[in-house]
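Residue numbers (the working numbering): 40 to 317. Written below as structure tokens is the structure these notes are about.
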């Protein structure tokens with residue numbers, strides 16, 4: 040994960056302090072790209088601090104279910120969304136709602152019709168039936184409903200690309216994620232692992248092998264209260280990325296549960312704590 044460390048060095052070395060939505064100033068650059076090999080069950084996972092794998096996997100299962108209440112997360116000991124939830128645990132129609140039930144209101148002569156679009160189901164169907172399609176995009180950025188969300192989507196869209204291995208003839212699946220706002224220290228490591236696992240899941244459901252994850256960052260920032268933690272990370276020697284994904288066979292992406300997703304042989308330096316900027 041040298042790319043991740045190089046990005047951190049770039050931010051610390053060239054970015055100036057700036058104000059943002061939160062009460063904590065940050066240093067930011069605009070525009071980044073990183074590419075990660077996902078072949079042979081590899082993952083985009085950092086080793087300069089230990090990640091809480093349980094949180095990443097539960098968050099992915101939760102979002103894929105279309106749920107937008109933190110109840111499921113809390114029941115499983117995950118508190119990463121608590122700061123934004125209302126008193127009932129609701130977050131508004133963010134990621135899961137947009138992925139699985141994007142609301143469409145249509146005018147019909149004498150009234151209105153409301154229907155929903157399951158973007159994940161559509162993506163899987165297209166990967167199975169028309170894998171060369173250039174419209175395999177899933178978006179969480181529903182402009183008309185941003186005001187209802189407790190937090191605007193940070194990783195706001197992703198696109199899939201299917202190719203053929205010239206040697207084996209196997210279908211290879213790559214994913215490109217666009218993240219408009221990137222919390223380098225706390226958020227980005229989670230996001231990279233999250234979308235690595237999702238790429239493997241989609242590949243398993245559509246007759247592909249996971250190939251590559253490309254991450255595009257918009258406003259990529261380090262909060263002022265994370266600078267010392269990032270410097271500590273940069274001082275650590277990265278370990279070999281030996282982590283691999285073991286994914287259970289399931290008929291549908293909706294069938295996955297936490298126990299179906301196992302990350303083995305993950306070796307990392309000790310965890311580093313940091314406060315979330317709300």
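Positions of the beta carbon are idealized from the N, C-alpha and C atoms, including for glycine.
When the distance is taken between beta carbons, is residue j closer than 8 Å to residue i?
i	j	result
residue 202	residue 211	yes
residue 175	residue 134	no
residue 105	residue 60	no
residue 15	residue 232	Coverage of the chain is limited to positions 40 through 317, which leaves residue 15 absent and any answer about it impossible.
residue 158	residue 177	yes
residue 179	residue 192	yes
residue 128	residue 272	no
residue 208	residue 71	no
residue 244	residue 163	yes
residue 307	residue 77	no
residue 44	residue 277	yes
residue 80	residue 284	yes
residue 266	residue 213	no
residue 197	residue 223	no
residue 92	residue 303	no
residue 130	residue 123	yes
residue 90	residue 236	no
Any idea what DSSP makes of residue i, helix, strand or coil?
i	result
residue 84	coil
residue 97	helix
residue 262	strand
residue 234	helix
residue 73	strand
residue 108	strand
residue 50	helix
residue 149	coil
residue 163	helix
residue 229	helix
residue 43	helix
residue 120	coil
residue 318	Because the chain here runs from 40 to 317, residue 318 falls outside it and cannot be looked at.
residue 240	helix
Contact defined as beta carbons within less than 8 Å: I believe residue i pairs with residue j. What is the distance between those atoms, to the nearest angstrom?
i	j	result
residue 295	residue 240	7 Å
residue 84	residue 287	At roughly 19 Å, the Cβ-Cβ gap does not stay under 8 Å, so residue 84 and residue 287 are not in contact.
residue 107	residue 136	5 Å
residue 259	residue 50	7 Å
Checking the sheet assignment: what are the DSSP bridge partners for residue i?
i	result
residue 141	156
residue 193	DSSP, once it has assigned bridges, lists no residue as partnering residue 193.
residue 200	213
residue 247	210
residue 56	66
residue 131	Residue 131 pairs with nothing; no bridge assigned.
residue 256	71 and 218
residue 285	301
residue 178	196
Closest Cβ-Cβ distance between residue i and chain D: below 8 Å?
i	result
residue 47	Protein chain content of the structure displayed is limited to a single chain, and chain D is not contained in it.
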